[in-house]
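Engineer: Structure provided below as structure tokens; questions to follow.
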Amino acid sequence: MHSTLVRAQNVFGFFTTVAFCTALLTALSVLLTPQTPSTTIELRNVQVVKGRPHYYSPKKEEYAHIKFDLDADFTSLFNWNTKQLFVWITATYPSSNTSSSAPPSQAIIWDTIINSHSQSHPFNPLELFRKAPTPTKKSKKSTTTKKQEPELQPGIIRLKNNKPKYQITDISGTLSDRTNVTLEVGWNVQPWVGALTWTLPEGTQLGRWKGVKGGKSKVFNMPALKGKSANSETIVASGGTPKAAEASAVI
Numbered sequence: 001m002h003s004t005l006v007r008a009q010n011v012f013g014f015f016t017t018v019a020f021c022t023a024l025l026t027a028l029s030v031l032l033t034p035q036t037p038s039t040t041i042e043l044r045n046v047q048v049v050k051g052r053p054h055y056y057s058p059k060k061e062e063y064a065h066i067k068f069d070l071d072a073d074f075t076s077l078f079n080w081n082t083k084q085l086f087v088w089i090t091a092t093y094p095s096s097n098t099s100s101s102a103p104p105s106q107a108i109i110w111d112t113i114i115n116s117h118s119q120s121h122p123f124n125p126l127e128l129f130r131k132a133p134t135p136t137k138k139s140k141k142s143t144t145t146k147k148q149e150p151e152l153q154p155g156i157i158r159l160k161n162n163k164p165k166y167q168i169t170d171i172s173g174t175l176s177d178r179t180n181v182t183l184e185v186g187w188n189v190q191p192w193v194g195a196l197t198w199t200l201p202e203g204t205q206l207g208r209w210k211g212v213k214g215g216k217s218k219v220f221n222m223p224a225l226k227g228k229s230a231n232s233e234t235i236v237a238s239g240g241t242p243k244a245a246e247a248s249a250v251i
């Protein structure tokens, strides 16, 4: 009982118990903070071109190039336990399978990661022991004349006529003349401690958490594929986008 090993085990057991209880209370305390995210997404332009996934591929597919406007407010999703927020936009359209039980097809056209304030500005204890540089005359003048820009709150997204981050295609290889296509906004909150939380559909409510307000665009149709000569074939490299000038636009 009084040996060093037993005392070390008791201290370590007490430490792990306190750490577990603190982490559990931190994860549960997030349920008390209200969450009211809102998004507005609109289609600006959609084009369909035909090409190959890379230069050496003999397979030809159709690729969709979708531009959009996004106005989102995710500030309520950031609290003391939020590490970062993963946001994405999917293009949802009916599956090419004629079966009524087939789920709709979804493809991501854009995504981003929004870091919290603590993640963007981590605390460094070594900075407390560093000596501040003595300002010179020139630096004093520059600091007095320079205006400090207000720091933006994480979670605000304003995109106008934004290009897609990823070109999309279908497993069938055809996307032209597809109907009932919508753009949907989704996200995933990644906390410091606790479980991951995903998008709540509009109209749902979980305690003080409300579902997304908006989050879907109006229904639109994919345009028909414009005929092209063999010399104007589109090559889609990894991470690239098709040539927008060689497609028919639908607004």
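When you number the sequence shown by UniProt numbering, it's gap-free, plus one each residue, and the end is 251.
No residue lacks a Cβ here, since even glycine has one placed at the ideal position from N, Cα and C.
#1: Would the stretch 24-37 count as touching the stretch 80-96 if we require 3 or more Cβ pairs under 8 Å?
#2: What distance in whole Å lies between the Cβ atoms of V49 and Y63, which are believed to be in contact at a cut-off of 8 Å?
#3: Assign N10 to one of three DSSP states: helix, strand, or coil.
#4: Is the closest heavy atom of the ligand MG to the C-beta of T39 under 7 Å?
#5: Is V212 helix, strand or coil when you go by DSSP?
#6: For T33, which three-state DSSP category applies?
#7: Between which two residues does the beta strand (DSSP E) harbouring Y63 extend?
#8: Which of the three DSSP states, helix, strand or coil, is assigned to S96?
#9: Where L159 and T75 are concerned, what is the direct C-alpha to C-alpha distance, given to the nearest angstrom?
#10: Please report the Cβ distance between F68 and L183, rounded to the nearest whole angstrom; I am assuming they are in contact, meaning their Cβ atoms lie under 8 Å.
#11: Whole-angstrom Cβ separation of Q84 and I108, contact assumed at under 8 Å?
#12: Could you give the residue range of the beta strand (DSSP E) that holds D111?
#13: Beta carbon of N180, beta carbon of Y93: below 8 Å?
#14: Around the Cβ of G207, are there at least 16 other Cβ atoms within 10 angstroms (buried) or fewer (exposed)?
#15: What residue range does the beta strand (DSSP E) around P191 cover?
#16: Hey, D177 and A102 are a contact pair by Cβ (cut 8 Å); roughly how many whole angstroms apart?
#17: I want to know whether the stretch 17-26 touches the stretch 53-61 - three or more CB-CB distances under 8 Å.
Structural biologist: In this structure, then:
#1: yes
#2: Within the sequence shown, the letter at position 63 stands for residue 63. Within the sequence shown, the letter at position 49 stands for residue 49. With 8 Å as the limit, Y63 and V49 qualify as a contact, their Cβ atoms being about 6 Å apart.
#3: For the purposes of this step, residue 10 is taken as residue 10 along the sequence shown, with counting starting at 1. Assigned with DSSP and collapsed to three states, N10 falls in helix.
#4: The ligand MG is absent from the structure shown, which contains no ligand whatsoever.
#5: Taking the first residue of the sequence shown as 1, we reach residue 212 at position 212. DSSP places V212 in coil when its eight states are reduced to three.
#6: The residue you call residue 33 lines up with position 33 of the sequence shown. The answer is coil: DSSP assigns T33 none of H, G, I, E or B.
#7: Along the sequence shown, read from residue 1 onward, the residue named residue 63 stands at position 63. Residues 61-73.
#8: Within the sequence shown, residue 96 is the residue found at index 96, counting from 1. Of the three classes helix, strand and coil, the one that applies to S96 here is coil, per DSSP.
#9: By one-based count along the sequence shown, residue 159 stands at place 159. By one-based count along the sequence shown, residue 75 stands at place 75. Answer to the nearest angstrom: the Cα atoms are 16 Å apart.
#10: Within the sequence shown, the letter at position 68 stands for residue 68. Within the sequence shown, the letter at position 183 stands for residue 183. Right, their Cβ atoms sit about 6 Å apart.
#11: Position 84 of the sequence shown, counting from 1, holds the residue named residue 84. Position 108 of the sequence shown, counting from 1, holds the residue named residue 108. Wrong, their Cβ atoms sit about 18 Å apart, outside the cutoff.
#12: For the purposes of this step, residue 111 is taken as residue 111 along the sequence shown, with counting starting at 1. Taken as a continuous stretch (DSSP letters only), the beta strand (DSSP E) holding D111 covers 105-115.
#13: Residue numbering aside, residue 180 sits at position 180 when the sequence shown is read from its first letter. Residue numbering aside, residue 93 sits at position 93 when the sequence shown is read from its first letter. Between N180 and Y93, the C-beta spacing is below 8 Å.
#14: Numbered from its first residue, the sequence shown carries residue 207 at position 207. G207 should be labelled exposed.
#15: Residue mapping note: residue 191 aligns to position 191 of the sequence shown, counting from 1. Here the beta strand (DSSP E) through P191 covers 182-191.
#16: Here residue 177 refers to the residue found at position 177 of the sequence shown. Here residue 102 refers to the residue found at position 102 of the sequence shown. About 18 Å separates the two Cβ atoms, so there is no contact after all.
#17: no
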